[in-house]
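Presented below is the structure to which this report refers.
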Amino acid sequence: MSIGFYYNFGVIIFLRNRRMEISYKKQLHAFINNLVNINKADWEIFNKHLHFKEYDKNEVLQRAGETENYMYFLVEGVTRIFHINDNIEYTLRFNFPISAFNSYASFISRTPSLVNVEAISNVKVFRISHYDLQNLYEISKTAERVGRRMIEYLYVLREIKEIQMHSKTAEDYYFELIRNNKQLTEQISQKHLASYLGITPESLSRIKNKNKH
Numbered sequence: 566m567s568i569g570f571y572y573n574f575g576v577i578i579f580l581r582n583r584r585m586e587i588s589y590k591k592q593l594h595a596f597i598n599n600l601v602n603i604n605k606a607d608w609e610i611f612n613k614h615l616h617f618k619e620y621d622k623n624e625v626l627q628r629a630g631e632t633e634n635y636m637y638f639l640v641e642g643v644t645r646i647f648h649i650n651d652n653i654e655y656t657l658r659f660n661f662p663i664s665a666f667n668s669y670a671s672f673i674s675r676t677p678s679l680v681n682v683e684a685i686s687n688v689k690v691f692r693i694s695h696y697d698l699q700n701l702y703e704i705s706k707t708a709e710r711v712g713r714r715m716i717e718y719l720y721v722l723r724e725i726k727e728i729q730m731h732s733k734t735a736e737d738y739y740f741e742l743i744r745n746n747k748q749l750t751e752q753i754s755q756k757h758l759a760s761y762l763g764i765t766p767e768s769l770s771r772i773k774n775k776n777k778h
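Okay, here's the thing in structure tokens:
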């Protein structure tokens with residue numbers, strides 16, 4: 566095939582990816598604006614420091630023992646946050662679009678993370694570094710509010726999950742999860758779902774089988 570064909574094909578792929586990135590950015594803008602009323606000028610300042618990045622399935626975004634340097638905004642795919650104790654993985658949270666996530670205790674305190682963050686499907690994110698975020702705080706009060714609300718948002722999600730896990734049965738919580746995220750939960754393995762619910766994979770299979778009849 567001619568060089569022109571490959572050039573044109575590359576241009577088409579570039580334009581398609583660019584349109585996709587712009588679409589994702591609009592969704593993220595709406596998400597942030599829902600948390601903090603952000604005007605056009607402040608959004609442009611914030612937007613300049615958002616970097617689009619893709620991760621492959623099973624790729625680790627953050628490892629325990631390393632300091633978290635990024636705030637992530639998930640626009641496609643599913644990630645999970647987990648920690649390991651005595652060689653057993655405990656899934657703490659799944660992250661679905663459109664949401665913010667990271668190892669926030671490490672991000673705030675600048676200490677080694679106690680958790681791992683992993684892509685359990687191919688994922689697309691925008692991320693902003695801790696360094697950039699701190700600099701933005703100095704030049705924009707709105708950016709400071711965005712950063713604070715992101716941390717508050719992550720804390721609220723954690724507290725809600727803790728309350729739900731103590732007030733609902735694993736069966737109830739499982740069906741609530743798939744009802745709210747049906748398509749995306751199909752990308753989560755039974756092992757990870759069971760770990761998140763605090764039950765064994767065998768118990769999860771029984772729950773699924775019982776509700777087939």
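Residue numbering for the sequence shown follows the working numbering, beginning at 566 and increasing consecutively. Where is the CB? At the ideal position from N, CA and C, for every residue including glycine. Since the model is a prediction, treat every value here as computed from it, not as a measurement.
* Can you tell me whether DSSP reads R713 as helix, strand or coil? -> Per DSSP, reduced to three states, the secondary structure at R713 is helical.
* Under the assumption that S779 contacts V643 (Cβ atoms under 8 Å), give the Cβ distance between them as a whole number of angstroms. => Residue 779 is absent from the model: the chain starts at 566 and stops at 778.
* Looking only at its own chain, which residues have a Cβ that is under 7 Å from the Cβ of F672, when we skip the five neighbours before and after it? -> E633, M636 and H695
* **Simplified DSSP state of P766, which is helix, strand or coil** => helix
* Could you check the C-alpha separation between V688 and L626 for me, to the nearest Å? => 11 Å
* CB-CB under 6 Å to S754, same chain, minus the five flanking residues each way: which ones, in chain order? -> none
* Measure the beta-carbon distance from Q592 to I663 and round it to whole angstroms, keeping in mind my assumption that it falls under 8 Å. => Taking 8 Å as the upper bound for CB-CB distance, Q592 and I663 are in contact here, some 5 Å apart.
* Please report how far the alpha carbon of E709 lies from the alpha carbon of M730, in whole angstroms. => 32 Å
* So the alpha helix (DSSP H) T750 belongs to, where does it begin and stop? -> K747 to T750
* By the 10 Å Cβ neighbour count, where 16 or more other Cβ atoms means buried, how is N595 classified, buried or exposed? -> One detail in the question is off: residue 595 reads as Ala in this sequence, not Asn. Counting Cβ neighbours within 10 Å, A595 comes out exposed, since fewer than 16 surround it.
* Answer yes or no: do E624 and A684 have a C-beta to C-beta separation smaller than 8 Å? => yes
* To do: Would you list the residues sitting across from S664 in a DSSP beta bridge?
  => L639
* Inter-residue Cα distance where the pair is S732 and K726 -> 10 Å
* **Separation of I649 from A759, as counted between CA atoms** => 15 Å
* Let me know the secondary structure DSSP gives A708 once reduced to three states. => A708: helix per DSSP, three-state reduction.
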